[in-house]
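Colleague: Supplied in structure tokens, the structure appears directly below.
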């Protein structure tokens, strides 16, 4: 596939044998486009394009694509069908907002397989961060959460700080490039002293 991609396409990457990367481009237009995306996500562990490897089993990456909140909903449907299929989900610059973050947060409440969730460069604000924070209070498997370059402010940072006081599983939280001010930074610093 070429390196150019339109806003009406989605690219999903899966690492395959020998460290090679395989891309799948799918149209994101209308119901049929989303149905194709769901089919690819659901069958990712059985697909030649998305075959899991010993190096990185359970990895799903989407970058610079119009995944949107609807794509997150489809991903969560696939996770419900096979809860252990994904341990590492990376959705970089995929136009995911608070609704997508809330849907992922709901999934985190019951999913005990996901250890890494990267949502860098999306449109997640305080409401999405608060939902993820609530999920972190009960989730004990997620160890890495990347929320850099989103729209999270002080309220979202304070909610995440509160979650850190009870969550002992999370060891890596990335919040760089957000709109967090002094109050949010102070709350996070205080939480890190006790965690």
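In this note's numbering, the protein residues as written are 11 to 205. In this text, a Cβ means the ideal position worked out from N, Cα and C, and glycines have one as well.
By Cβ distance, which residues of its chain are closer than 6 Å to residue 187, with the 5 residues on each side in sequence left out?
Modeller: Within the chain shown, the letter at position 177 stands for residue 187. Within the same chain, residue 187 has close Cβ partners 158 and 159.
Colleague: Report yes if the CB atom of residue 154 is closer than 8 Å to the CB atom of residue 122, and no otherwise.
Modeller: As a position in the chain shown, residue 154 is number 144, starting the count at 1. As a position in the chain shown, residue 122 is number 112, starting the count at 1. No, they are not a contact pair.
Colleague: Closest by CA to residue 168, which one among 99, 100 and 144?
Modeller: If you number the chain shown from 1, residue 168 lands on position 158. Nearest option by C-alpha distance: 144.
Colleague: Measure from the alpha carbon of residue 99 to the alpha carbon of each residue in 91, 69 and 198, then state which is nearest.
Modeller: Position 89 of the chain shown holds residue 99. When each option's Cα is compared against that of residue 99, the closest is 69.
Colleague: So for residue 142, helix, strand or coil by DSSP?
Modeller: Translated into the one-based positions of the chain shown, residue 142 becomes position 132. Three-state result, residue 142: helix.
Colleague: Please list the terminal residues of the continuous beta strand (DSSP E) segment that includes residue 134.
Modeller: Taking the first residue of the chain shown as position 1, residue 134 is located at position 124. For residue 134, no beta strand (DSSP E) segment is defined, and its DSSP state is neither H nor E.
Colleague: By the 10 Å Cβ neighbour count, where 16 or more other Cβ atoms means buried, how is residue 179 classified, buried or exposed?
Modeller: Counting from 1 along the chain shown, the entry for residue 179 is found at position 169. Classification of residue 179: exposed, given that the 10 Å Cβ count is below 16.
Colleague: Please state whether DSSP places residue 54 in a helix, a strand or coil.
Modeller: Working through the chain shown from its first residue, we reach residue 54 at position 44. Low per-residue confidence applies at residue 54: pLDDT is 47, beneath 50, and the placement is therefore not dependable enough to give any value.
Colleague: Give the DSSP-derived three-state secondary structure of residue 159 in the structure shown.
Modeller: Here residue 159 refers to the residue found at position 149 when the chain shown is read from its first residue. Coil.
Colleague: To which residues does DSSP link residue 126 through a beta bridge?
Modeller: Position 116 of the chain shown, counted from the first residue, corresponds to residue 126. BP columns for residue 126 point to 98 and 154.
Colleague: State the start and end residues of the unbroken alpha helix (DSSP H) segment that holds residue 72.
Modeller: As a working mapping, residue 72 is identified with position 62 in the chain shown. Counting along the chain, residue 72 falls outside any alpha helix (DSSP H), though it belongs to the beta strand (DSSP E) covering 69-73.
Colleague: Over the uninterrupted alpha helix (DSSP H) stretch that includes residue 165, give me the two end residues.
Modeller: One-based indexing of the chain shown puts residue 165 at position 155. Unbroken alpha helix (DSSP H) run through residue 165: 164-174.
Colleague: What are the residues that DSSP puts in a beta bridge with residue 182?
Modeller: Walking along the chain shown from the start, residue 182 turns up at place 172. Residue 182 is bridged to 154.
Colleague: Please report the distance separating the alpha-carbon of residue 193 from that of residue 78.
Modeller: Locating residue 193 in the chain shown gives position 183, where the first residue counts as 1. Locating residue 78 in the chain shown gives position 68, where the first residue counts as 1. Roughly 30 Å separates the two Cα atoms.
Colleague: Measuring CB to CB, does residue 135 end up less than 8 Å from residue 164?
Modeller: The residue labelled residue 135 in the question sits at position 125 within the chain shown. The residue labelled residue 164 in the question sits at position 154 within the chain shown. For residue 135 and residue 164, no; Cβs fall outside 8 Å.
Colleague: Buried or exposed for residue 201, please, with buried defined as at least 16 other CB atoms from any protein chain shown within 10 angstroms of its CB.
Modeller: Position 191 of the chain shown, counted from the start, is the residue given in the question as residue 201. Buried.
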